[in-house]
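One structure below.
Number of protein chains: 2
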Amino acid sequence: MKNYGFESVNLTKGYFFDKYELNRKITIDAVYDRFAESGRIEAFKFNWTPDREDLKKPHFFWDSDVAKWMEGAAYLLKKAPNPELEKKIDDIVAEIKKNQCEDGYFNIYFTVVEPENRWKNRDWHELYCAGHLFEAAVALKEIGKPELLECMDKYVGHIHKVFVEEKSATFNSPGHEEIEIALVRLYTATGNKKYLDLAAFFINTRGTEEDAERSSYNQSHLPVREQDTALGHSVRAMYLYTSMAMLAKETNDEALFTACKNLWKDVTERKMYVTGGIGSEAIGECFTVPFDLSNDRAYTETCAGIGLMFFARAMSELDNDAKYADIIERVFYNGVMSGLSLDGEKFFYENPLEINLFERFENRYGKRRLPITQRPKIFSCSCCPPNINRLLASIGNYVFAKGDDVLYINQYTGATLSENGVECEVVTEYPNDGSVKITARGIGRVAVRIPFWCDSFKINKAYTLDKGYAYIQNDESPIEIDFDMPVVPVFSDARIIHSVGKLCVMRGPVVYCAEAIDNGENLHALLVPEEFSGVKTEKCEKCGLMKIQMDAYRTVSERGIYSRKAPTYERTALKLIPYSIFANRGESDMCVWFRRIYSLCK
Amino acid sequence: MKNYGFESVNLTKGYFFDKYELNRKITIDAVYDRFAESGRIEAFKFNWTPDREDLKKPHFFWDSDVAKWMEGAAYLLKKAPNPELEKKIDDIVAEIKKNQCEDGYFNIYFTVVEPENRWKNRDWHELYCAGHLFEAAVALKEIGKPELLECMDKYVGHIHKVFVEEKSATFNSPGHEEIEIALVRLYTATGNKKYLDLAAFFINTRGTEEDAERSSYNQSHLPVREQDTALGHSVRAMYLYTSMAMLAKETNDEALFTACKNLWKDVTERKMYVTGGIGSEAIGECFTVPFDLSNDRAYTETCAGIGLMFFARAMSELDNDAKYADIIERVFYNGVMSGLSLDGEKFFYENPLEINLFERFENRYGKRRLPITQRPKIFSCSCCPPNINRLLASIGNYVFAKGDDVLYINQYTGATLSENGVECEVVTEYPNDGSVKITARGIGRVAVRIPFWCDSFKINKAYTLDKGYAYIQNDESPIEIDFDMPVVPVFSDARIIHSVGKLCVMRGPVVYCAEAIDNGENLHALLVPEEFSGVKTEKCEKCGLMKIQMDAYRTVSERGIYSRKAPTYERTALKLIPYSIFANRGESDMCVWFRRIYSLCK
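As they're listed, the protein sequences go chains A and B.
Mapping of the first sequence onto this note's numbering: residues 18 to 619, in sequence order.
Mapping of the second sequence onto this note's numbering: residues 18 to 619, in sequence order.
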């Protein structure tokens, strides 16, 4: 299938629309303001010198932060004018134009702070920053601003000279992947094959004999077509795998597609949290071994979740399987949106599935490595906030896709589509309610995704099921679907020692959590029968999703630290909120997985 | 009560006897040999100079390692001659005599390596090393070798001059407590009050305005009488609390005794593992907050368990309560003896309650802080091995105690007592069997401890219960006790998030564990009904304790990483071994706490 771009999609109502609007009204400016305060915008003026104490010294990944913000801002401008936003972009682009080196090189850090160290260290993010600038350039071209693309085309020429012709850099492929995605996008935006060839060069060089300092940390331990296990830094991995899938599509590369399928399977069937979060280990922000998914130490960077959405979308273009849109749904509603506060101004970099405040031990010998418990407005390494800007500004990219005379409905949210005579309208309260009404015109068939969480549904038309989609002949009359959306327990693979013997609560695609602020101290003392009872749902006005209350038990234990007497229990009401909105009411213990009462004795 | 010293006690049969013999035949020489190989013995010759590459550079805690070994060796010599062992001691003492400074100072590191840095840093263990040398001196005096005591008396004089008269050191009380215990022991061994006064000086100075660099890490955050929460380094804490209890007894200091009772309560009711292990945090080898008792990250240093036995024994002399002997029993059979391999030659410094080999993640950015999984023969910081030497050589110290015409039986093991006309014989297979036969002469009453784990027992005489002891009028005919010793589940306080919802298995004082080598991979998938069935016990010839087999279930989970379907279970036989002998058959996953099946649905 080919996904429709957000430019052809209008979000009309519901969660996608609300988050799009939050980004448009609040988050895009909040990130810009933090970047201005932190010197990231000023840095594009190239004024820093060691004696300028009035200026913040640039950092070698600042280009990428601002580039991602510009990309997101450009997407917003595609949909609606915003002179202020436009001026901010124009000013930055003007500085880039002014300060780009004669030879095409552009980097606000290396040109200003360490000009002698250009292309000296694979881990210094130069190609990563270039990639994000290229993606911004593509976005700006789409709104009639080709200047940045002209600059970046020169930069591509320089990179081609250094890496392909001269091989004069100390390395042959990026230490942090990203430019591969950007180059494929430059190719699809311009049709110029030189971009695709350079993307292929970096992807194909990676992990080969020629590649310098091969390391699983940045997925250069093996040639990419031989990789079948997700290893190393999770964001790097997602960006590489995404670019592999994009290149496989453009070049019909079966071997590359096979590697992508193996990596996809490893990530989503062995190394992913129920929230869709990935990269469980803080040491190196890494993947580890299968089923090593600690809840309280979970790293699960917001950017890794966004990267998984990119990977899934790229895979869906190679394989008409609903499982890709299923993962997009799982991670977007849970492990990605947890990265943004309800007020749209604060961000999580790490997204733990459990917080136990009492465990935050520290003494003069050090502290335990545990995720922070409140969202800050910015990080010194602030990659996630602008990634949320560009994701939400382009979230319309994930709703519809086109196959051979078939319109795929991948995500259910209030939206309309209009492109080349294909029209569609989706009316739904999803994910708060499972009924969806779809009206499509100018297309022979409609394929609706049967969500991964759904055990039972009704469609008012005949359909045939294939790889998670229900295919319906389109007579252009409304298609009415009703997905049963009960509150259900979900159980993990027993090999996940941190959630075995427990259950988590989901309703539709939304994973729920309990906070101490609603349920009292020691959430671990809560015990949930696997047959739910007393379930009540209520709309949470603040987040637009449903809150849940249900019967549970609480362990009563004042029998001495170790006792022959089994603990007793008292009934309690378990109050649950969507995982994505935890930590919006101050510091609190939180957990997603609850000890379950087994029915073995029945 | 007043505990009888091991010199009046003969161990005849059973666990205490077996471990005493293992130490006498194997461990005492194994530790000496490792210390010889590592240069610790040679260091007493004071031959090291920067240019002597043939010699190992001494470390500032080496005095204490060798002193603890000498103390243990002296205890063994008290019971039976051993010319080889005696010569090793005599040679070390001769070097000490020869190399002690004119002014009485003695330290194999500071005299040889950094003479200019004497008494400059509270954390450099000088007073700690002195204390262990003093304890060795007391032990040697008891076997007719007063030379070391004569040397150490000079050293005490020097310390008194520096700390009390001149106050010329950069600190006022030890950074690692221990000397306080040693000084009280010097006092009781010699009757010379100057030792007691110096002990009181260090204890009373601690944490006061005058004390330098006050820190909870070494329990100097508050004056000792104001301390009621166990904080900081757990071994330091145990040594301080022990000395506080000893001083309180010698000086009838009620305020000090009250502080000891509060600290005892905090340690044993809020900060102790079911094995009796204490000090859960590796960062600083520390106590943390109540109920923070992670199983896989448990630090629980062997020395801290031994220190808890010292503290308990000292408390028992202030308060005729069986709870002190209960804790000695809990920690000795479990969290202390786990520190020694079955062959008597290898040691654990840390004693985790859970091992998951797959979690041992490491990459170029670091590794997870988890305890090692196999016992080495020596550590660079090798405090635990000689502590085991001296503990086992004097384990007879814990069996009997004397009150006002009453003989207390604190530990049940094959043993005889003979001192000042009081005679006693204990015949039992304990802890493998609960029947105990006691014959006592020359004493009016016998008080037998009803163990903490015992719900039901029979005694063939009339008795009155008080603070965990059954008091029996002694007609000198055999007292026959039968403690019911079933295999039972034990439940933790629900505030311990790492064991809530789980159970552990105990029989008598012995805590059991499962190893993957007996039970297959993923011990977390095991599920144990709270009513045990199919229980079989069998003597483990290698360890002298009982092995257990019982019915359990194993979670079968191949339903995808997250599933609506609840896992299914298959019956399995759970094979358990005493916790203290884990990791004697190579690397293996291990766990003590098992998920339990609740009976709530009944």
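Even glycine gets a Cβ: it sits at the ideal position worked out from N, Cα and C.
Have a look at Y425/A and P98/A and give me their C-alpha separation to the nearest angstrom. For the purposes of this step, residue 425/A is taken as the residue at position 408 of the first sequence. For the purposes of this step, residue 98/A is taken as the residue at position 81 of the first sequence. One C-alpha to the other measures close to 30 Å.
Find out if the Cβ-Cβ distance for the pair T433/A, E442/A is shorter than 7 Å. Residue numbering aside, residue 433/A sits at position 416 when the first sequence is read from its first letter. Residue numbering aside, residue 442/A sits at position 425 when the first sequence is read from its first letter. Yes, Cβ-Cβ distance for T433/A and E442/A is below 7 Å.
Residues of the region 493-523 of chain A in Cβ contact with chain B at a cutoff of 7 Å, in chain order, please. V505, V507, F508, S509, D510, A511, R512, I514, V517, G518
Pick helix, strand or coil for M502/B, following the three-state DSSP scheme. Numbered from its first residue, the second sequence carries residue 502/B at position 485. Coil.
Output the boundary residues of the beta strand (DSSP E) element that contains T554/B. Taking the second sequence and counting its residues from 1, the one referred to as residue 554/B is at position 537. It spans 553-556 - the beta strand (DSSP E) in which T554/B sits, taken as one unbroken run.
If you pair each beta-carbon of the region 313-322 of chain A with each one of the region 250-257 of chain A, do three or more pairs fall below 8 Å? yes
For a minimum of 4 consecutive residues, which ranges assigned as the alpha helix (DSSP H) are wholly contained in the region 316-384 of chain A? 319-333, 339-347
Buried/exposed call for N269/B, threshold 16 Cβ in 10 Å: Indexing the second sequence from 1 puts residue 269/B at position 252. So N269/B ends up on the exposed side.
Does the CB of S190/A have a neighbour CB from chain B at under 7 Å? In the first sequence, the residue the question calls residue 190/A occupies position 173. It does not: the Cβ of S190/A has no partner Cβ on chain B nearer than 7 Å.
Answer yes or no: do R51/B and K394/B have a C-beta to C-beta separation smaller than 7 Å? Along the second sequence, one-based indexing puts residue 51/B at 34. Along the second sequence, one-based indexing puts residue 394/B at 377. Yes. Within cutoff.
Is the CB of R223/B under 7 Å away from at least one CB in chain A? Numbered from its first residue, the second sequence carries residue 223/B at position 206. No, its Cβ sits nowhere closer than 7 Å to a Cβ of chain A.
What residues from chain A crowd round V291/B, counting only those whose CB sits closer than 7 Å? Reading the second sequence from its first residue, position 274 is the one you call residue 291/B. What V291/B touches in chain A: Y579.
Please classify I614/B as buried or exposed, where buried requires at least 16 other C-beta atoms within 10 Å of its C-beta. Here the question's residue 614/B lines up with position 597 in the second sequence. So I614/B counts as buried.
Is any beta-carbon of chain A found at less than 7 Å from that of I372/B? Counting from one through the second sequence, the residue named residue 372/B turns up at place 355. Not one chain A Cβ lies under 7 Å of I372/B.
Roughly how many angstroms lie between the CA atoms of M607/A and G537/A, to the nearest whole one? In the first sequence, residue 607/A corresponds to position 590, counting from 1. In the first sequence, residue 537/A corresponds to position 520, counting from 1. So the alpha carbons of these two residues sit roughly 10 Å apart.
CB of A331/B within 7 Å of CB of A262/B, strictly: Sequence index remark: in the second sequence, residue 331/B carries index 314 (1-based). Sequence index remark: in the second sequence, residue 262/B carries index 245 (1-based). A contact, by the Cβ cut-off of 7 Å.
Counting pairs of beta carbons, one from the region 298-316 of chain B and one from the region 273-281 of chain B, are three or more of them closer than 8 Å? no
Just mark P546/A as buried or exposed, buried being the case when its beta carbon has 16 or more other beta carbons within 10 Å. On the first sequence, residue 546/A is found 529 positions in, with the first residue counted as 1. P546/A comes out buried.
Against chain A: residues of the region 295-323 of chain B by CB proximity under 7 Å: E298, I300, G301, C303, T305, V306, D309
Please tell me whether H541/A has its Cβ less than 7 Å away from any Cβ of chain D. Among the chains of the structure shown, chain D does not appear; the protein chains present are A and B.
DSSP state of G413/B mapped onto helix, strand, coil: Working through the second sequence from its first residue, we reach residue 413/B at position 396. Three-state result, G413/B: helix.
Exposed or buried, what is K266/A when buried is set at 16 or more other beta-carbons lying within 10 Å of its beta-carbon? Within the first sequence, the letter at position 249 stands for residue 266/A. With 16 or more Cβ atoms within 10 Å of its Cβ, K266/A is classed as buried.
The beta strand (DSSP E) enclosing T585/A, as first and last residue numbers: Within the first sequence, numbered from 1, the residue matching residue 585/A stands at position 568. From DSSP, the beta strand (DSSP E) with T585/A extends over 585-595.
Euclidean distance between Cα positions of L359/A and G31/A: By one-based count along the first sequence, residue 359/A stands at place 342. By one-based count along the first sequence, residue 31/A stands at place 14. If I take the Cα positions, the gap works out to 15 Å.
Tell me which residues of the region 567-592 of chain A have at least one Cβ-Cβ distance to chain B shorter than 9 Å, keeping chain order. Y570, R571, T572, V573, S574, E575, R576, G577, I578, Y579, S580, R581, K582, A583, P584, Y586
Span of the alpha helix (DSSP H) holding M263/A? For the purposes of this step, residue 263/A is identified with residue 246 of the first sequence, where counting begins at 1. 251-268 is the extent of the alpha helix (DSSP H) around M263/A.
Please report whether the beta-carbon of Y382/A lies at a distance below 7 Å from any beta-carbon of chain B. Position 365 of the first sequence holds residue 382/A. Cβ-Cβ to chain B under 7 Å: yes for Y382/A.
Are the C-beta atoms of L617/B and some chain A residue less than 7 Å apart? Along the second sequence, read from residue 1 onward, the residue named residue 617/B stands at position 600. Because L617/B sits at a pLDDT of 45, beneath the cut-off of 50, its placement in the model cannot be relied upon, and the point is left open.
I'd like the list of long-range same chain contacts for L544/B, defined as Cβ closer than 8 Å, with 5 residues on each side in sequence excluded. On the second sequence, residue 544/B is found 527 positions in, with the first residue counted as 1. Excluding positions up to five away in sequence, the list reads A569, Y570, R571, T572, Y586, F611, R612, R613, I614.
Cβ of E286/B within 7 Å of any chain A Cβ: Here residue 286/B refers to the residue found at position 269 of the second sequence. For E286/B, the answer is yes, since a Cβ of chain A falls inside 7 Å of its Cβ.
Cβ atoms of V465/A and I412/A: under 7 Å apart, would you say? For the purposes of this step, residue 412/A is identified with residue 395 of the first sequence, where counting begins at 1. For the purposes of this step, residue 465/A is identified with residue 448 of the first sequence, where counting begins at 1. No, the pair does not count as a contact, with Cβ atoms beyond the cut-off.
Run through the DSSP bridge pairs and tell me what M568/A is partnered with. By 1-based counting over the first sequence, the position of residue 568/A is 551. A small fix is needed here, since residue 568/A is Asp in this sequence, not Met. The partner list for D568/A (beta bridge, DSSP) reads A590/A.
How about R253/B: is its C-beta nearer than 7 Å to some C-beta of chain A? Counting from one through the second sequence, the residue named residue 253/B turns up at place 236. Judged by the 7 Å Cβ criterion, R253/B is not in contact with chain A.
CB contact check: E88/B to chain A, cutoff 7 Å: The residue you call residue 88/B lines up with position 71 of the second sequence. Cβ-Cβ to chain A under 7 Å: no for E88/B.
Boundaries (first-last residue) of the alpha helix (DSSP H) holding K74/B: As a first step, residue 74/B is located in the second sequence; it is residue number 57 there, counting from the start. Unbroken run through K74/B: none, as it is neither H nor E.
Interfacial residues, the region 129-150 of chain A to chain B, with Cβ spacing under 7 Å: none
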